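Enquirer:
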């Protein structure tokens, strides 16, 4: 049993691994200055200094399993993508054809999130979309969950009043959502679950983070970029910062197509 404890030290996880009767129980004895009070239930364990070393979550997990000589090629780990099937690609294209009439440039936006402190104001998302629409004549895919209802309603009203072509993919299953995101030329997201789904697609991604969060959580595979606020307020990220990087990536994608 692997008890990673890369986010927090869970007494429940340690206890369950012991009560399950599994012979080898792998985990951590200490993370930085925080002792794992239940590490006595593990029989393979060591200290880690993830906070001090600013270790990404990917490498935290890899370091835990290396204790049992389970080594994964780093390049392989950083270039793992969701394998979208041909049928899933066809379905995604059909949805976009029906909803958006085969857009030449498709920008994906995820303006919501599970934590308020990680949400860049929806008005900022709209302003970025407005300027991208003016310069690139793009269409938009807006992804959302149930918790994002108010944000999506606000941004949707503004898109509608400006006659911007857009489609809201709300509460889509993971693979269906991944297939849609994979059709985007660019995806812009807050630090939330959908960001990680986008991080496993081939699409260019811009992730938005509060200060000192990107080193731990930013997707690491190719075509993935992030912008981090200078302080604890994610809204310190300016519209110009996001717009500038967005246009650079759209130009790069256009160049690669040519």
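In the working numbering, the protein residues as written are -14 to 243. Built from N, CA and C at the ideal position, the CB exists for glycine as well. Quick caveat: nothing in here was measured; it's all calculated off a predicted structure.
To test your reading of the DSSP string, which unbroken alpha helix (DSSP H) runs of 4 or more residues are found completely within the region 117 to 173?
Expert: Listed in chain order, the complete alpha helix (DSSP H) runs (minimum 4 residues) inside the region 117 to 173 are 134 to 146, 159 to 166.
Enquirer: Give the DSSP bridge partners of residue 42, in chain order.
Expert: Reading the chain shown from its first residue, position 57 is the one you call residue 42. Looking at the DSSP assignment, residue 42 forms no beta bridge with any residue, so it has no partner.
Enquirer: Go to residue 182, then tell me how far its alpha helix (DSSP H) extends in each direction, as first and last residue.
Expert: Sequence index remark: in the chain shown, residue 182 carries index 197 (1-based). Unbroken alpha helix (DSSP H) run through residue 182: 178 to 183.
Enquirer: Span of the alpha helix (DSSP H) holding residue 100?
Expert: For the purposes of this step, residue 100 is taken as residue 115 along the chain shown, with counting starting at 1. No alpha helix (DSSP H) contains residue 100, which DSSP labels as neither H nor E.
Enquirer: When DSSP builds the beta bridges, which residues end up paired with residue 212?
Expert: Position 227 of the chain shown, counted from the start, is the residue given in the question as residue 212. Paired residue(s): 193.
Enquirer: Between the C-alpha atoms of residue 17 and residue 32, what's the straight-line distance to the nearest angstrom?
Expert: For this step, residue 17 is matched to residue 32 along the chain shown. For this step, residue 32 is matched to residue 47 along the chain shown. Answer to the nearest angstrom: the Cα atoms are 8 angstroms apart.
Enquirer: Are three or more beta carbon pairs between the region 185 to 194 and the region 231 to 239 nearer than 8 angstroms?
Expert: Judged by Cβ distances under 8 angstroms, the region 185 to 194 makes contact with the region 231 to 239, as three or more pairs qualify.
Enquirer: Rounded to whole angstroms, what is the Cα-Cα separation between residue 91 and residue 20?
Expert: The count along the chain shown starts at 1 and reaches residue 91 at position 106. The count along the chain shown starts at 1 and reaches residue 20 at position 35. Taking the straight line from one Cα to the other gives about 48 angstroms.
Enquirer: Short of 6 angstroms in beta carbon distance, which residues of its chain neighbour residue 180, apart from the five on each side in sequence? Order them along the chain.
Expert: Reading the chain shown from its first residue, position 195 is the one you call residue 180. For residue 180, where only same-chain residues beyond five positions count, the Cβ hits under 6 angstroms are 174, 192.
Enquirer: Counting beta carbon pairs with one atom in the region 125 to 140 and one in the region 43 to 58, are three or more of them shorter than 8 angstroms?
Expert: Short answer: they don't touch.
Enquirer: State whether the region 98 to 108 contacts the region 66 to 83, with contact taken as three or more CB pairs (one from each stretch) at a distance under 8 angstroms.
Expert: They do not touch, by the three-pair rule.
Enquirer: Consult DSSP for residue 89 and reduce its assignment to one of helix, strand or coil.
Expert: Start at 1 with the first residue of the chain shown, and residue 89 comes out as number 104. If DSSP states are grouped into helix, strand and coil, residue 89 belongs with coil.
Enquirer: Give the C-beta separation of residue 201 and residue 34 to the nearest angstrom, bearing in mind that I take them to be a contact with Cβ-Cβ under 8 angstroms.
Expert: Taking the chain shown and counting its residues from 1, the one referred to as residue 201 is at position 216. Taking the chain shown and counting its residues from 1, the one referred to as residue 34 is at position 49. That pair is no contact at about 14 angstroms.
Enquirer: In its own chain, which residues sit with a C-beta less than 6 angstroms from the C-beta of residue -2, not counting the 5 before and 5 after it?
Expert: For the purposes of this step, residue -2 is taken as the residue at position 13 of the chain shown. -12.
Enquirer: Would you please verify whether the beta carbon of residue 160 is less than 8 angstroms from any beta carbon of chain C?
Expert: Of the protein chains in this structure there is only one, and it is not chain C.
Enquirer: Please name the residue, chosen from 43, 199, 162, 9, that lies closest to residue 58 on a Cα-to-Cα basis.
Expert: Taking the first residue of the chain shown as position 1, residue 58 is located at position 73. The candidate whose alpha carbon is nearest that of residue 58 is 43.
Enquirer: Give me, in chain order, the residues of the same chain whose beta-carbon lies closer than 8 angstroms to that of residue 216; leave out the 5 immediate sequence neighbours on both sides.
Expert: Position 231 of the chain shown, counted from the first residue, corresponds to residue 216. Within the same chain, residue 216 has close Cβ partners 196.
Enquirer: What are the start and end residues of the alpha helix (DSSP H) that includes residue 201?
Expert: Here residue 201 refers to the residue found at position 216 of the chain shown. Start and end: 199 to 202.
Enquirer: By the 10 Å Cβ neighbour count, where 16 or more other Cβ atoms means buried, how is residue 159 classified, buried or exposed?
Expert: Taking the first residue of the chain shown as position 1, residue 159 is located at position 174. Counting Cβ neighbours within 10 Å, residue 159 comes out exposed, since fewer than 16 surround it.
Enquirer: Give the C-beta separation of residue 99 and residue 132 to the nearest angstrom, bearing in mind that I take them to be a contact with Cβ-Cβ under 8 angstroms.
Expert: The residue labelled residue 99 in the question sits at position 114 within the chain shown. The residue labelled residue 132 in the question sits at position 147 within the chain shown. Between residue 132 and residue 99 the Cβ distance is about 6 angstroms, and since that is below 8 angstroms, they are a contact.
Enquirer: Between the Cα of residue 117 and those of 144, 221, 135, 130, spot the shortest distance and give me the residue it belongs to.
Expert: Taking the first residue of the chain shown as position 1, residue 117 is located at position 132. Nearest of 144, 221, 135, 130 to residue 117, Cα basis: 144.
Enquirer: Report buried or exposed for residue 243, applying the criterion of at least 16 other Cβ atoms within 10 angstroms of its Cβ.
Expert: In the chain shown, the residue the question calls residue 243 occupies position 258. With a pLDDT of 46 at residue 243, under the threshold of 50, the predicted position of this residue should be treated as unreliable, and no value is reported.
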